[in-house]
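Residue numbers (our numbering): 272 to 666.
Read through the structure below, which is laid out as structure tokens, and then see the notes.
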């Protein structure tokens, strides 16, 4: 702009105080000789670090919020510190993930770094970058570069083997040194008596074969039960079907990659033993994206793209008899350390518990299958020996 110039302005802080979340501080311009123009008042807010309102005089009563004042500054965070990566992450970790332990943050991982972006309950979007510095076994020293402040610190991550579309990890405390023995010491992790690994789920997961499959009827109890609903809100006209018996149905059939739940399912059959309700549609459909076993508990992560509350759900399941299974579903995407297969309340991180009993009919063609997840951490390989050559390959 004309009649302006590039110059450096230095403010000296004279004092500050808080009114709720509003942070006021009085400053003095060290390069201003006029007394009436030297003093100003600034206002920021704990939940809004992008704007600062500035008074035109030395008075602070004209500032209402960081965006309401005589002058408003919009700040853009700049991180000028750079760190050269010195190690690489596992190749099967690359991609875009959802960190269920941090406000469902979006984590982008490449061969040398992780970039995490999340939206807190209050405030604006935040971002942190973790650069790989040193790796020993399953532990990684990562340099954390945040946008709040100029400091650089170091955090230790411990990753387990990838379980389908799920990454399990532990995060240590941040320190100022990059020494591996200090950063990744086992006492830098939470030393609670009971703990489980945090999880990151693939943002666009690929469905896998579910560890629990078959056709079951179930009883449910909990804070939030499965109810009758119409997926998508609109259905085509259906003929009236006389139904003698209805049950709550839990089915994993076909390719056994999708869980279908219908709380009011008609199980009546005709004289040929075939279902009379052939137009029924499941009220809930969830894709299985990963499962594993930890602390003698079997965990399952499902994905429902139209779930309004949480697209990802954590299940704890247990086989209690030859044809009976008990499982509970979490409130959100987070697997709570106190959640068991019998949990049904928010105090334990669950919203509903199901008691499944197999009831497959003759024409259902829905065989039962169960996997407790204890073998998912080991890679099964088949050695193929070609007798015509000296090459041995793994499949």
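Built from N, CA and C at the ideal position, the CB exists for glycine as well.
Computed from a prediction, not measured in an experiment: that's the story for all the values here.
Cβ contact annotation for residue 582 (same chain, cutoff 7 Å, sequence separation greater than five): 574, 575, 576, in chain order.
If you look at residue 451, you'll find it in the alpha helix (DSSP H) that goes 451 to 454.
The beta carbon of residue 521 is closer than 6 Å to those of 487, 489, 532, 627 in its chain, skipping five residues each way along the sequence.
DSSP links residue 476 through a beta bridge to no other residue.
Taking 8 Å as the cut-off, the Cβ atoms of residue 545 and residue 617 do not count as close.
Boundaries of the alpha helix (DSSP H) harbouring residue 307: 306 to 309, taken from the DSSP string. Three or more Cβ pairs closer than 8 Å define a contact, and the stretch 428 to 444 meets that threshold against the stretch 465 to 477. Under the 10 Å beta carbon count, residue 511 is surrounded by fewer than 16 other beta carbons and is classified as exposed.
Ranked by how close their Cα comes to the Cα of residue 391, the residues 372, 380, 405, 384 have 372 in first place.
When DSSP states are grouped into helix, strand and coil, residue 499 belongs to the coil group. Taking the Cα positions, residue 481 is about 48 Å away from residue 292. Judged by beta-carbon spacing, residue 614 lies beyond the 8 Å limit of residue 589, meaning their Cβ atoms are not closer than that value. Nearest to residue 316 by alpha-carbon distance, out of 302, 335, 599, is 335.
Annotation note: the stretch 386 to 474 contains the following uninterrupted alpha helix (DSSP H) runs of length 4 or greater, listed N- to C-terminal: 451 to 454. Contact between the stretch 556 to 566 and the stretch 437 to 454 is established, with three or more Cβ pairs separated by less than 8 Å. When secondary structure is reduced to three states using DSSP, residue 579 falls in the coil class, being assigned neither helix nor strand. When C-beta atoms of the stretch 336 to 351 are compared with those of the stretch 360 to 368, fewer than three pairs fall below 8 Å, so the two segments do not count as touching. In this structure residue 402 is in contact with residue 356, their Cβ atoms being roughly 5 Å apart against a cut-off of 8 Å.
Note: residue 364 is not bridge-paired with any residue in the DSSP secondary-structure output. CA-to-CA, the gap between residue 549 and residue 596 works out to about 27 Å.
Residue 474 and residue 604 have their alpha carbons spaced roughly 12 Å apart. Contact between the stretch 374 to 390 and the stretch 451 to 470 is absent: fewer than three C-beta pairs spanning the two stretches fall below 8 Å. Relative to the Cα of residue 412, the nearest Cα in the group 631, 460, 492, 393 belongs to 460. In this chain, the beta strand (DSSP E) harbouring residue 629 covers 621 to 629. In summary, residue 425 is buried, with 16 or more beta-carbon neighbours lying within 10 Å of its beta-carbon over all protein chains present.
Counting the other CB atoms within 10 Å of its CB gives residue 337 a total of 16 or more, which places it among the buried residues.
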